[in-house]
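In numbering that gives the first Met the number 0, the protein residues as written are 0 to 82.
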Amino acid sequence: MEEKRKIGLFSRFGLPLRVGLICAALGIILALVGIVRGNVPLNPASIILALLISGGSWGVVSWAVTTAVVDVEHDLAEDTADE
Numbered sequence: 000m001e002e003k004r005k006i007g008l009f010s011r012f013g014l015p016l017r018v019g020l021i022c023a024a025l026g027i028i029l030a031l032v033g034i035v036r037g038n039v040p041l042n043p044a045s046i047i048l049a050l051l052i053s054g055g056s057w058g059v060v061s062w063a064v065t066t067a068v069v070d071v072e073h074d075l076a077e078d079t080a081d082e
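Right, here's the structure in full:
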């Protein structure tokens, strides 16, 4: 009997993308805290830029680092299997 389990959309993404999305969300939350504390002028363009820059930079950098780690671990596993 084959057991099927439901897989959510988030779990279908690869590890680097999941880490990038989580870190982007954290960056956006931190930007929102900064907006609430008054560190960003309260006009729509400034708020949108603050959210895009913080979420985008945190997301892209964490995605890139996680991708590099996964690639290195994959290469090390191949080298170990060859020996």
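Positions of the beta carbon are idealized from the N, C-alpha and C atoms, including for glycine.
Ranking Ser56, Leu41, Leu14 by CA distance to the CA of Ala67 puts Leu14 first.
For a cut-off of 8 Å, the C-beta gap from Ile46 to Val35 is around 11 Å, too long to register as a contact.
Judged by DSSP secondary structure, Arg11 falls within the alpha helix (DSSP H) whose first and last residues are 8-11. A Cβ-Cβ contact shorter than 7 Å links Val18 with Ser61.
Judged by beta-carbon spacing, Cys22 lies within the 7 Å limit of Gly58, meaning their Cβ atoms are closer than that value.
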